[in-house]
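So the sequence lines, in the order shown, correspond to chains A and B. Counting in numbering that gives the first Met the number 0, the first sequence runs from 0 upward without gaps. Counting in numbering that gives the first Met the number 0, the second sequence runs from 0 upward without gaps. Backbone N, C-alpha and C define an ideal beta-carbon position, used for all residues, glycine too. For reference, the structure is listed below as structure tokens.
Protein chains: 2
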Amino acid sequence: MVEKSGRPAYLQIVDDLRRQIDAGTLAPGDALPSIAQLCDRYDVSASVVKAAISVLRTKAIVVGQQGKGVFVSEAAIAIPSDDPEPELVSPGAAGEILDELAKVRRGLKDLGDRLTALESAVFQEPKRSR
Amino acid sequence: MVEKSGRPAYLQIVDDLRRQIDAGTLAPGDALPSIAQLCDRYDVSASVVKAAISVLRTKAIVVGQQGKGVFVSEAAIAIPSDDPEPELVSPGAAGEILDELAKVRRGLKDLGDRLTALESAVFQEPKRSR
DNA sequence: ATGGAACACTTGGCATTCTATGTTGTCAAT
DNA sequence: ATTGACAACATAGAATGCCAAGTGTTCCAT
Chain A
0 MVEKSGRPAY LQIVDDLRRQ IDAGTLAPGD ALPSIAQLCD RYDVSASVVK AAISVLRTKA
60 IVVGQQGKGV FVSEAAIAIP SDDPEPELVS PGAAGEILDE LAKVRRGLKD LGDRLTALES
120 AVFQEPKRSR
Chain B
0 MVEKSGRPAY LQIVDDLRRQ IDAGTLAPGD ALPSIAQLCD RYDVSASVVK AAISVLRTKA
60 IVVGQQGKGV FVSEAAIAIP SDDPEPELVS PGAAGEILDE LAKVRRGLKD LGDRLTALES
120 AVFQEPKRSR
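Written out as structure tokens, the structure is:
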């Protein structure tokens, strides 16, 4: 998979994962394939995959959880793909952001309702609070 | 030099170099000590120093020049030292909106986790399925 | 003296190996 | 049936070794 262009392999992997995140193939909250799987997919050693993940981690695009996996950060889509410098928000983006905010709030309310119903149905123990 | 605190060695070196840059000990355009010198100074292996420099490189605080050295970026001062998340610098209210969005997303993720746990708990009960 | 080879030093990239630690599923013993 | 041991798998950090390639110096042969 890694093309023998001038670009280093670990940066090619960074680009590829970044593309998948932008395309929605990897949504916020999703887990990346494991390091072993990525090694297999790109046909590189673990050090290369680790280097790629390290870049994504320092950019906060991704967060690692020991023993579980590496997960796409919730705010990953808000981080510009290329950042020569921290970019300013374009004036036209406010509407999209507000849309996103409303959408997420709806999801939050829905989840809260389902959660309350489930909790009252499952937990009859008095020690259960919240 | 590297303290045996919980913080990884390569991040301690990142912090230290960052401090020196902020303090002016390392001015923009200056060269960092060579990797070998940093290995000697901090009493760590080259991989740790390389990891630290890699972090500074992806943050664009520092730029490496093959065969010559690693130099403090001209714009390093403008890059905020601490970035729990590389947040977009906010012209006006956009930053607050993004703050809200990230906050709500975190809440959404937490609720989703609780819900998943509850649902799987319910699924394991033989009396009820979905 | 000048050209060029040789060498030392530098960053960058990659592989391999080890240890530590966290998570999860399985499976046997109680 | 519950608990506990254990194995499998995950990320994280670190050490080491190797090679490629750019830079600078030194020093010798012409």
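Cβ-based neighbour list, residue i, same chain, cut-off 6 Å, excluding 5 preceding and 5 following
{"i": "Ala8 (chain B)", "result": "Val1, Val43, Val47"}
{"i": "Ser4 (chain A)", "result": "none"}
{"i": "Gln65 (chain B)", "result": "none"}
Assumed close pair residue i, residue j - CB separation to whole angstroms, cut-off 8 Å
{"i": "Ser72 (chain B)", "j": "Pro32 (chain B)", "result": "About 16 Å separates the two Cβ atoms, so there is no contact after all."}
{"i": "Leu25 (chain A)", "j": "Leu16 (chain A)", "result": "7 Å"}
{"i": "Ile52 (chain A)", "j": "Gly68 (chain A)", "result": "So it is not a contact: roughly 11 Å between Cβ atoms."}
Cβ-based neighbour list, residue i, same chain, cut-off 8 Å, excluding 5 preceding and 5 following
{"i": "Pro90 (chain A)", "result": "Low confidence applies to Pro90 (chain A): its pLDDT is 46, below 50, so where it sits in the model is not reliable, and the reading given next is rough at best. Within the same chain, Pro90 (chain A) has no close Cβ partners at all."}
{"i": "Gln19 (chain A)", "result": "Leu25"}
{"i": "Ile40 (chain A)", "result": "With the sequence shown as reference, residue 40 (chain A) is identified as Arg, and Ile is not the correct amino acid for it. If we look at Arg40 (chain A) and ignore the five residues flanking it on each side, its Cβ neighbours are Met0, Pro32."}
{"i": "Ala74 (chain B)", "result": "Pro27, Ala59"}
Same chain only: Cβ atoms within 7 Å of residue i, ignoring 5 sequence neighbours per side
{"i": "Leu55 (chain B)", "result": "Val13, Leu16, Val61"}
{"i": "Gln11 (chain B)", "result": "Val1, Glu2"}
{"i": "Arg6 (chain A)", "result": "none"}
{"i": "Thr130 (chain A)", "result": "Since the displayed chain A opens at 0 and closes at 129, residue 130 (chain A) lies outside it and no answer follows."}
Within 8 Å, strictly: CB atoms of residue i and residue j
{"i": "Ala45 (chain A)", "j": "Ile34 (chain A)", "result": "yes"}
{"i": "Ile76 (chain A)", "j": "Ala59 (chain A)", "result": "no"}
{"i": "Phe70 (chain B)", "j": "Ala30 (chain B)", "result": "yes"}
Residues from the stretch 55-67 of chain A in contact with chain B, defined by Cβ distance under 7 Å: Of all residues in the stretch 55-67 of chain A, Thr57, Lys58, Ala59 have a Cβ within less than 7 Å of some Cβ in chain B.
Residues within the stretch 22-56 of chain B neighbouring chain A, beta-carbon criterion of under 8 Å: Listed in sequence order: Ala50, Ser53, Val54.
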